[in-house]
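Enquirer: Residue numbers (this note's numbering): 2 to 158. Just so it is clear, CB atoms sit at the ideal spot from N, CA and C, and this is done for glycine as well. If you're wondering where the values come from, they're calculated on a predicted model, not measured in any experiment. I'd like to ask you about the structure that follows.
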């Protein structure tokens, strides 16, 4: 089988092979540049942080775990209904314990909002990555067959 010469005088088999190599190299470098965190890890971090806060507030405020979880979720999601407020049991005492608990509550909520925002961002990147992978897979399934390089048989002398 003879190699076919294209319009520009180059072997079409060589051009197809180099295009395939470029596509493979681009796909490999794209894969290594993207670091994704599984969605389950992000959800576990958020749930763990909420339950940590629930346990913390259950000890400080004499709430049960459900009230503490409710307060942490509502506060960290920035809804903030205001029906459960930390420090309500300490307002009559007027000691430094109340001030420290308010400071620690503020630190917990600020760090938690940053953590929740980071987890949502990582989950968003993971979903986008999965959609692009699915799109590439579907596109590859319905793409017409590309020209595959055909080995050229050398005539024996």
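Just confirm the distance between the C-beta atoms of residue 69 and residue 75, as a whole number of angstroms; I'd bet it's less than 8 Å.
Expert: For this step, residue 69 is matched to residue 68 along the chain shown. For this step, residue 75 is matched to residue 74 along the chain shown. About 11 Å; that fails the 8 Å criterion.
Enquirer: Expressed to the nearest angstrom, what Euclidean distance is found between the alpha-carbon atoms of residue 144 and residue 105?
Expert: The residue labelled residue 144 in the question sits at position 143 within the chain shown. The residue labelled residue 105 in the question sits at position 104 within the chain shown. Rounded to whole angstroms, residue 144 to residue 105 spans 58 Å at the Cα level.
Enquirer: What separation, rounded to the nearest whole angstrom, lies between the Cα atoms of residue 141 and residue 133?
Expert: As a working mapping, residue 141 is identified with position 140 in the chain shown. As a working mapping, residue 133 is identified with position 132 in the chain shown. Roughly 12 Å separates the two Cα atoms.
Enquirer: Between residue 119 and the rest of its own chain, which residues show a CB-CB distance below 7 Å, the 5 nearest in sequence each way excluded?
Expert: Position 118 of the chain shown, counting from 1, holds the residue named residue 119. Answer for residue 119: no residue qualifies.
Enquirer: Report all residues from its chain with a CB closer than 8 Å to the CB of residue 157; omit the five preceding and five following residues, and keep chain order.
Expert: Numbered from its first residue, the chain shown carries residue 157 at position 156. Excluding positions up to five away in sequence, the list is empty.
Enquirer: Measure the C-alpha to C-alpha separation of residue 87 and residue 59 and round it to an integer number of angstroms.
Expert: One-based indexing of the chain shown puts residue 87 at position 86. One-based indexing of the chain shown puts residue 59 at position 58. Between residue 87 and residue 59, the C-alpha separation is close to 10 Å.
Enquirer: Within 10 Å of its beta-carbon, does residue 155 have 16 or more other beta-carbons around it, so buried, or fewer, so exposed?
Expert: Along the chain shown, one-based indexing puts residue 155 at 154. Exposed is the call here.
Enquirer: DSSP three-state label for residue 61, please.
Expert: What you label residue 61 is simply residue 60 of the chain shown in a count that begins at 1. Helix.
Enquirer: Looking at C-alpha atoms only, which residue of 51, 43, 45 and 36 is the closest neighbour of residue 111?
Expert: Locating residue 111 in the chain shown gives position 110, where the first residue counts as 1. Answer by Cα proximity: 51.
Enquirer: Starting from residue 155, trace the alpha helix (DSSP H) both ways and give me its first and last residue.
Expert: Taking the chain shown and counting its residues from 1, the one referred to as residue 155 is at position 154. Premise fails: residue 155 is in no alpha helix (DSSP H) and is neither H nor E.
Enquirer: DSSP on residue 37, reduced to helix/strand/coil?
Expert: Position 36 of the chain shown holds residue 37. Coil at residue 37, not helix or strand.
Enquirer: Given residue 78, which residues of its chain have a CB within under 8 Å of its CB, disregarding the five upstream and five downstream residues?
Expert: Within the chain shown, numbered from 1, the residue matching residue 78 stands at position 77. Contacts found: 117.
Enquirer: In this structure, does DSSP put residue 88 in helix, strand or coil?
Expert: The sequence position of residue 88 within the chain shown is 87, counting from 1. Note: residue 88 maps to coil in three-state DSSP.
Enquirer: Going by the beta-carbon positions, is the gap between residue 37 and residue 109 smaller than 8 Å?
Expert: Numbered from its first residue, the chain shown carries residue 37 at position 36. Numbered from its first residue, the chain shown carries residue 109 at position 108. Cβ atoms of residue 37 and residue 109: not closer than 8 Å.
Enquirer: Can you grab the Cα-Cα spacing for the pair residue 137 / residue 45, in whole Å?
Expert: One-based indexing of the chain shown puts residue 137 at position 136. One-based indexing of the chain shown puts residue 45 at position 44. Residue 137 and residue 45: Cα-Cα distance of roughly 29 Å.
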